[in-house]
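The structure appears below as structure tokens.
This is the structure we're talking about:
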């Protein structure tokens, strides 16, 4: 296609449309109208994303998926946005997640709804920006901008201890990002000159930066800490259970379903390819941390009585495996990470929707106080069981494909890590089934007696999720095809 | 040249205007007109390069685009300050035209220390800036704290000026040709003779005092806290930035070639200033005192320009001056409208005064250095300058950790405004908040975001 005929590109649309829609949402006073507006906007974004998937072939439609404007011309940073395979994957996840979240939590009334939905859409815009940025300074901008609205969302509409918990989250991520900023500046000073500037912030410039092994060794950690906090990887995870517990559930869905993917994504795009030598040198440490975190989080999840904290810890365990698989550096492991990034997003959002429904109806999140919901709400229970099985990564579910591939990647790297990590799968079965049994089966009690069956809307949302779980469980090929270019790029960096 | 003469003359005019008109508001409008005029004539000088008054200054003052840009920023910020705080200056006391006159003399001094080319001019400029400030600090005559602050500032300021004079004398004696011109003090990268070294250290101490860099910062919290808040705002922003500008120009032009020999001193200053400023600010309950410590902390960042002395540092200094002054003037203007200067006094402001709260949030985010605000760009340029320098990268890491600490105390105010309910129920701000005041705050916030998105808006001035 001729670039002259294209006046707007997909990454621009995906980033700016939610931004504009979010700003408009701020000024809508009426709660019903703002809900409808946010839902409509999120569906339009989803439509854009679907269209971008149709034109995802970068060999044919390069100019539809990539764009660059001058920004800080004489510093060497340009507003470069682009969609490669991984970008398509994660923007699609983001675009899909928001309408589902809005639909699932549509019944919840928020005081000051305009600001709430505005901030949600701004978060979406920030996330889209992170996934499409092809210039590290732009990436840094969006990386921070995705967090600020989330901070306000959690502090304003969260639980009782929201202010402290959210602030902990903010300070953790802000410290991490600032360390990354120092790293960015350091690498920048070792990049090639552009026509206008001595150095450049462009992705390719960073990939070809001339850093000695010694420099890589310490700059690597500046980046890694930022991403490890976001994922989160043990021992940088302590903000996460508190924040997930205190944030409003819809925001928690965004945080756990998409925002943690920012960490994984950033490792794949900005860490491993920029510092291949350091990534090889420290692979044992990082994988070791991830595996320890998996076991540690699983053990805590077994003992959790609070449903939200339970899901939070189970999420840490899953993320740990993804992080380990990236540093195993095998093609199959990376493909597994790609599939799992999407699958984990779907599964955990499903999990949160169920938790939210249970909490709304019973007023409690304590596993020990619940029981017998299956008698009262059979449909909800069926959905939950499917999602729970996906959480354990049973065959036929989407998570199985991803985790299987990641484990094979890890197996080639080191058999001991694989063996230890596999224990966490068993533990996952223990805590997930234990939770299902205690909350949904058994005798009903005074709290769960009043539970009602879920509404059609909620059934629809959960059906969509379950369809995705099975679809990619039996036919993951589209995800593999989509992300092939990214995987190839990363693996060649290690040769 | 235009700006120096016009501001000095306008100061005299302001003083006389008090004799002919007792209308307080008149003084304000006259002052605004004066700053606007000064801004216009300064811009004309930038464009044409020829001042209205062609006085042969024997190169004792130097007018290039870098210096004039800075004067523009100082005048622009003062204009904003007058517009936002004009009616609050009227409330300080009886002698309104005199306050404005003193502020104009400060401006004249700022124009001199932004353009000085000899140590004498530097000294005169610093004095012209300081003496009116001593008076303004103590201007709330019936308030003991204000009196104490005025006296403290005067005593400490006099000592530092004395130290500066001693340093200048030593440099004069030690220079090869016996000259006050800053470019003639040393030549080449030879080892420093002891007299020059002693003079340099004395000058460093006195300038560090003026910009309140640790460990010479002890006067700052007391003076900033005791002075009437309107004047604190001016001291902490325009004056401080100007002192920094003089500091950097002095050390770059006079001792730049020996940078390696005094760099260690700057490193110690930066580390101490960042740590002391940030850690002490955390424990403050009064927003005014917190801002005083935060201004020390921000000085730590500005000192990076002295550490690096490269292209990024130069642009960064100008950006930092603009970004920091805009945000601080804004937050001080809001602070003045509050009944209660403690952090709890801001509780629930988000509901009662949404515009004030929103703009205050943007100012605080800018001071923290969140992307999209001018504060981020200025910190980015400063740190970039330091990283490009290539030595002491640990200092940059210390700086970002301190920036993370600063998030703690700035965000406490944001949390109070939005996430806490006011205990007293109603707290109508002390002074009426007029629509024009709100509009100006919004304008300031927009400016901060525009600079945050397009810093070249400011930095390009340096080259044209």
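Chains as they are written, first to last, in my numbering: chain E, 394 to 888; chain A, 6 to 469.
Glycine included, C-beta positions come from ideal geometry on N, C-alpha and C.
Between residue 287/A and residue 397/A, how many whole angstroms is the CB-CB distance? I'm expecting something under 8 Å. Wrong, their Cβ atoms sit about 25 Å apart, outside the cutoff.
On the three-state DSSP scale, how would you describe residue 61/A? Annotated three-state conformation of residue 61/A is coil, per DSSP.
Got a sec: is the Cβ-Cβ distance from residue 406/A to anything in chain E below 8 Å? The beta carbon of residue 406/A sits closer than 8 Å to some beta carbon of chain E.
What does residue 417/E reach in chain A if we use C-beta pairs closer than 9 Å? Chain-ordered listing is empty here: chain A has no CB closer than 9 Å to the CB of residue 417/E, the nearest sitting near 17 Å.
Bridge partners - residue 461/E, DSSP secondary structure assignment: Beta-bridge pairing links residue 461/E to 473/E.
Complete alpha helix (DSSP H) runs within the region 540-596 of chain E (minimum length 4 residues, chain order): With a minimum length of 4 residues, the continuous alpha helix (DSSP H) runs that stay inside the region 540-596 of chain E are 555-581.
Min CB distance residue 471/E to chain A below 8 Å: No - not a single Cβ of chain A is within 8 Å of the one on residue 471/E.
Beta-carbon within less than 7 Å of residue 127/A's beta-carbon, same chain only, minus the 5 sequence neighbours each way: which residues are those? Here the set comprises 118, 121, 251, 255.
8 Å Cβ cutoff, residue 389/A in contact with chain E: Yes, residue 389/A counts as interfacial toward chain E.
Minimum Cβ-Cβ distance from residue 298/A to chain E less than 8 Å: Judged by the 8 Å Cβ criterion, residue 298/A is not in contact with chain E.
Give every residue of the same chain whose Cβ lies closer than 7 Å to the Cβ of residue 585/E, excluding the five residues on either side of it in the sequence, and list them in chain order. Taken in chain order, the residues that qualify are 593, 598, 601.
Determine which residues of the region 398-422 of chain A have a Cβ less than 8 Å from any Cβ of chain E, and write them out in chain order. Of all residues in the region 398-422 of chain A, 398, 401, 402, 405, 406, 408, 409, 412, 413, 416, 420 have a Cβ within less than 8 Å of some Cβ in chain E.
Straight-line CA distance for residue 683/E to residue 634/E? Whole-angstrom Cα-Cα distance: 17 Å.
Assuming the contact rule is C-beta atoms closer than 8 Å, residue 481/E and residue 449/E should be a hit. Round their C-beta distance to whole Å, please. The distance from the Cβ of residue 481/E to that of residue 449/E is about 5 Å, consistent with a contact at the 8 Å cut-off.
Evaluate residue 579/E with the Cβ neighbour count: other Cβ atoms within 10 Å of its Cβ, from every protein chain shown; 16 or more gives buried, anything less gives exposed. Burial of residue 579/E is indicated by the presence of at least 16 other C-beta atoms within 10 angstroms of its C-beta.
What are the residues in the region 526-537 of chain E lying within 9 Å of chain A by C-beta distance? Against chain A - using a Cβ distance shorter than 9 Å - the residues of the region 526-537 of chain E are 530, 533, 534, 535, 536, 537.
The alpha helix (DSSP H) that contains residue 864/E, what's its start and end? For residue 864/E, the enclosing alpha helix (DSSP H) has its first and last residue at 849-867.
Do the CB positions of residue 575/E and residue 41/A come within less than 8 Å of each other? No, they are not a contact pair.
Taking beta-carbon pairs under 8 Å, can you tell me which members of the region 556-570 of chain E lie near chain A? The region 556-570 of chain E vs chain A, Cβ under 8 Å: 556, 560, 563, 564, 567, 568.
Counting only C-beta atoms, is residue 92/A closer than 8 Å to chain E at any point? Put simply, the CB of residue 92/A is far from chain E, with every gap to its CB atoms at 8 Å or more.
So, is the C-beta of residue 256/A closer than 8 Å to a C-beta in chain E? The beta carbon of residue 256/A does not come within 8 Å of any beta carbon belonging to chain E, so the residue lies off that interface.
To which residues of the same chain is residue 39/A closer than 6 Å at the C-beta, ignoring the five residues directly before and after it? Taking residue 39/A as the centre and dropping the five residues before and after it, the same chain places the C-beta of 15 closer than 6 Å to its C-beta, in chain order.
I need the boundaries of the alpha helix (DSSP H) containing residue 363/A, first residue and last residue. Residue range 359-373 is occupied by the alpha helix (DSSP H) that includes residue 363/A.
Within the chosen definition, does the region 93-105 of chain A reach the region 343-351 of chain A through at least 3 CB pairs nearer than 8 Å? Contact fails: fewer than three Cβ-Cβ distances are below 8 Å.
Between the alpha carbons of residue 425/E and residue 546/E, how many angstroms are there, rounded? If you draw a straight line from the Cα of residue 425/E to the Cα of residue 546/E, it comes to about 19 Å.
Coil, strand or helix - residue 383/A by DSSP: Judged by DSSP in its simplified three-state form, residue 383/A adopts helix.
At what residue ranges does the region 674-756 of chain E contain a whole run of the alpha helix (DSSP H), taking only runs of 4 or more? With a minimum length of 4 residues, the continuous alpha helix (DSSP H) runs that stay inside the region 674-756 of chain E are 676-696, 700-721, 724-755.
Spatial neighbours of residue 435/E within its chain, please: C-beta separation below 6 Å, excluding the five flanking residues on both sides. Taking residue 435/E as the centre and dropping the five residues before and after it, the same chain places the C-beta of 491, 492, 495 closer than 6 Å to its C-beta, in chain order.
Are the region 290-299 of chain A and the region 307-323 of chain A in contact at 8 Å, needing three or more beta carbon pairs? Judged by Cβ distances under 8 Å, the region 290-299 of chain A makes no contact with the region 307-323 of chain A, as fewer than three pairs qualify.
Classification of residue 90/A by the beta-carbon crowding that lies within 10 angstroms, buried from 16 upward: So residue 90/A counts as buried.
Backbone CA spacing between residue 365/A and residue 511/E [nearest angstrom]: Going from the Cα of residue 365/A to the Cα of residue 511/E covers about 19 Å.
Residue 317/A (DSSP reduced to helix, strand or coil): Helix at residue 317/A.
Going along chain A in order, which residues have a C-beta closer than 8 Å to the C-beta of residue 465/E? 460, 461, listed in chain order.
Under a Cβ-count criterion, where at least 16 other Cβ atoms within 10 Å of its own Cβ denotes burial, should residue 870/E be classed as buried or exposed? Classification for residue 870/E: exposed.
For residue 141/A, which residues from the same chain have a beta carbon less than 6 Å from its beta carbon, with the 5 sequence-adjacent residues on both sides left out? 107, 236.
Neighbour-count burial assignment, residue 458/E, 16 or more Cβ in a 10 Å radius: So residue 458/E counts as buried.
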